Structure formats: structure tokens, C-alpha cells
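Student:
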Ligand SMILES: [Zn+2]
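Numbering (the working numbering), first residue to last: 82 to 405.
(1) State buried or exposed for residue 116, treating a residue as buried only when at least 16 other CB atoms are found within 10 Å of its CB.
(2) Could you tell me whether any non-hydrogen atom of ligand 1 is closer than 6 Å to the CB of residue 271?
(3) To the nearest angstrom, report how far apart residue 251 and residue 257 are at their CA atoms.
(4) Are there 16 or more other CB atoms within 10 angstroms of the CB of residue 155, so buried, or fewer, so exposed?
(5) Please classify residue 169: does DSSP put it in a helix, a strand, or coil?
(6) Comparing alpha-carbon positions, which option in 396, 302, 397 and 174 lies nearest residue 357?
(7) Kindly indicate which residue of 106, 369, 110 and 306 has the alpha-carbon position closest to the one of residue 139.
(8) Beta-carbon within less than 6 Å of residue 205's beta-carbon, same chain only, minus the 5 sequence neighbours each way: which residues are those?
(9) Would DSSP call residue 408 helix, strand or coil?
(10) Nearest by alpha-carbon distance to residue 314: which of 288, 336 and 334 is it?
(11) Considering only their Cβ atoms, is the gap separating residue 217 from residue 406 smaller than 7 Å?
(12) May I have all residues whose beta carbon comes closer than 7 Å to any heavy atom of ligand 1, sorted in chain order?
(13) Output the distance between the C-alpha atoms of residue 363 and residue 176, rounded to the nearest integer angstrom.
(14) Assess, as a yes-or-no matter, whether the stretch 181-199 is touched by the stretch 310-325 under the definition of 3 or more beta carbon pairs within less than 8 Å.
(15) Is it buried or exposed, residue 151, if we count other Cβ atoms within 10 angstroms and call 16 or more buried?
(16) Nearest CA to the CA of residue 102: which residue from 249, 142 and 166?
(17) Under 7 Å, do residue 90 and residue 97 count as touching if we go by C-beta distance?
(18) Can you list, in chain order, the residues of its chain with a C-beta nearer than 6 Å to that of residue 361? Leave out the 5 residues immediately preceding and following it.
(19) Below 6 Å, is the gap between the Cβ of residue 101 and the nearest heavy atom of ligand 3?
(20) In this structure, does DSSP put residue 226 in helix, strand or coil?
(21) Give the single residue among 402, 374 and 405 whose Cα lies nearest to the Cα of residue 215.
(22) Which residue from 127, 137, 339 and 162 puts its Cα closest to that of residue 182?
(23) With respect to the beta strand (DSSP E) encompassing residue 378, which residues constitute its N-terminal and C-terminal limits?
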């Protein structure tokens, strides 16, 4: 007999990950499915409903035990109305996904920004359990942030809080996906660091990644890890520069909010925490006011992709007043 659970769904641009999860049994079952975001909204919602139905069939769980379906959305949204304002990677704009999906399945649907869910997951089930004022930062293709203030997710005045990836760090710096210049993620995300490495290699510098770059292959965190292990000078220098910027931004945020924990996660940190964390901490302590960081700890998240999945439990507990 399974306990009361939620179905957490992480909505990606090309695939969705759905899990049946509760705080005691943890992840009971999971399904990964490719999705096509170019199909109509109706078909897209139907794809999500199929994931829900497959999961229920797989675990033979009584439907009454499923308290909610929680969607982690890569975009801007209103968690109270269930409307996605804009999710560029999903091709969705001004769409009440809560209403549409509830028409297909017999469960309440809750939605939250995927990075906020990641922060909730870290706070409720990861290294952030004891934190009161916490920032979770995920470094990968971009840089996302989720804030916990006084033990609760801080959403801001219209649910857009935590967008640290677009803090200005370099006037007239590299162009950002948001259309502006010099944003944090345009300077220090994996994408930005890799772009700098490619520039170096094209200008004639030698790197263990030269072959990959020549073949126009995508450079993933794992390739960066291998290069760091080989003490690749170009790669190490560019990652170090990124860490200096990350440490500086975290110091500014700490000065503003006087946090007790900063949790770092995302693909790049997961692969390179042993190398990046000391560099980030060094830059952080050079830039932070001592008193504002007196009780602060900077740690790596160990939850990986599961952070947002566990966040679904916390979201259901917050919105439905249930205990899962
Ligand atoms: Zn930006």
C-alpha cells in the first residue's frame, strides 16, 4: 500500500519527466517521454495526461492516494490562477494549463516555475532542510535562482522573483537570450563559458576540446570535467573567470538579504563542484561584507534533477494543506 502522493511533472522543451513521489517512499515510479512542443495546446495537454495515466497504471496506486499533479514550468506563470504567461521553450503564452489539464484528469493541478520548485525541493528534502533564508542557484544553459525567505518560497509581487540570471554584471557585455546585454547568465552560465572557450580555440589557443569544437559538437558539462581533469589551461581559465563572477554576484545578494545558505546546483555544478565551489567561495569572500556572511554556508545540492520533482510535494502541501 502506497502513501498519499503527488505526481510531479518536469516540463522540458523536448521531454517531460513525470514521477509519483511522497516524502517517505520518495520516488516510487518515473516516466520520461519525448514531447513535441510544436503540436497544438490541446495535444500537448493530452500528452501530459498520458504521462499521468501511465504512472498510475505502473504503480497500481489507488487514485484517491494522488493528491495533486504538480507541473514544473520553465517560464513565467501565476501559481494561483494556473495561467502560464510565457514559456518560450514550450511555445506556450497566456495559457491556463491548470484548467485544461484538470479537464482531462481527476486530480487538482498545481503549477510553479521549475527553478522555484527546485529551490523548494532543496529546502524541504535536500541540503537546505535547516535553512531559513536560502538562495538556490542552478548553473547550466542559463542561470536560474529560487529564494526561500523565512522558510517560505518568495515569489515576489507578480511571481517573477529570483531571476538572478538577468542581473546586470557587465555593462555592454555579451548579448543575453532576454535581448539585453551583460546579464549574469550571458557572462557566467555554461553556455557563456563554452562560448569563451570556443573563441579562444578559434583564435589559435590549444585545448583538449579543440577537436570537439572543430567538429561543431555540443560541449557538455562532462566534456568540461574531462578537460579540467587534464588541467586544460584554456578551459580552467574560462571556468575560473565564470566562478569569479558567480562569487561576486552571490556576495552582492548576500549583502542585500543576509542569507544563511546558498545552494548551488545545475548541470555544470554537479559535474564540477569540486573545482568550482572553492573558486566561487574565494571570490565570494573577497566581495562580501563580513557581517552579512557570518552565518552563511555555500553548499552543493545533491538532488540533481530530482530537486524540482521533490518540490512538487512541498507545493502540494502549501496549496492544499495536506501532509505528504
Ligand atoms: Zn538577460
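In this text, a Cβ means the ideal position worked out from N, Cα and C, and glycines have one as well. Values in this document were obtained by computation on a predicted structure and should not be read as measured data.
Tutor: Looking at the coordinates:
(1) Residue 116 sits at position 35 when you count from the first residue of the chain shown. It is buried - the Cβ of residue 116 has at least 16 other Cβ atoms within 10 Å.
(2) Residue numbering aside, residue 271 sits at position 190 when the chain shown is read from its first letter. False, no ligand heavy atom lies under 6 Å from that Cβ.
(3) Residue mapping note: residue 251 aligns to position 170 of the chain shown, counting from 1. Residue mapping note: residue 257 aligns to position 176 of the chain shown, counting from 1. C-alpha separation (whole angstroms): 11 Å.
(4) As a position in the chain shown, residue 155 is number 74, starting the count at 1. Buried is the call here.
(5) Locating residue 169 in the chain shown gives position 88, counting from the first residue. Of the three classes helix, strand and coil, the one that applies to residue 169 here is helix, per DSSP.
(6) Against the chain shown, residue 357 aligns to sequence position 276. The option with the nearest alpha carbon to residue 357 is 302.
(7) As a first step, residue 139 must be located in the chain shown, where it is residue number 58. Minimum Cα distance to residue 139 is reached at 110.
(8) Numbered from 1 along the chain shown, position 124 holds the residue referred to as residue 205. When the five nearest sequence neighbours on each side are left out, the beta carbons in the same chain lying within less than 6 Å of the beta carbon of residue 205 are those of 395, in order along the chain.
(9) Only positions 82 to 405 of the chain appear in this structure, which leaves residue 408 out of reach.
(10) The residue given as residue 314 occupies position 233 in the chain shown. If we check each option's Cα against that of residue 314, 288 comes out closest.
(11) This structure cannot settle anything about residue 406, because the visible part of the chain is limited to 82 through 405.
(12) 246, 247, 257, 258, 259, 261, 264, 266 and 267
(13) Within the chain shown, residue 363 is the residue found at index 282, counting from 1. Within the chain shown, residue 176 is the residue found at index 95, counting from 1. One C-alpha to the other measures close to 44 Å.
(14) no
(15) Here residue 151 corresponds to residue number 70 of the chain shown, with the count starting at 1. With 16 or more other CB atoms across the displayed protein chains lying within 10 angstroms of its CB, residue 151 is buried.
(16) Numbered from 1 along the chain shown, position 21 holds the residue referred to as residue 102. The shortest Cα separation from residue 102 among 249, 142 and 166 belongs to 142.
(17) To locate residue 90, count along the chain shown from 1; it is residue 9. To locate residue 97, count along the chain shown from 1; it is residue 16. Cβ distance < 7 Å, so residue 90 and residue 97 count as in contact.
(18) Here residue 361 refers to the residue found at position 280 when the chain shown is read from its first residue. Around residue 361, the same chain offers 324, 327 and 328 as residues with beta carbons nearer than 6 Å, after the five sequence neighbours per side are excluded.
(19) No copy of ligand 3 occurs in the structure displayed; its ligands are ligand 1 alone.
(20) Position 145 of the chain shown, counting from 1, holds the residue named residue 226. Here DSSP, grouped into helix, strand and coil, assigns residue 226 to strand.
(21) Sequence index remark: in the chain shown, residue 215 carries index 134 (1-based). Of 402, 374 and 405, the residue nearest in Cα terms is 374.
(22) For the purposes of this step, residue 182 is identified with residue 101 of the chain shown, where counting begins at 1. Of the candidates 127, 137, 339 and 162, the one whose C-alpha sits nearest the C-alpha of residue 182 is 127.
(23) On the chain shown, residue 378 is found 297 positions in, with the first residue counted as 1. Segment 378-381, the beta strand (DSSP E) holding residue 378.
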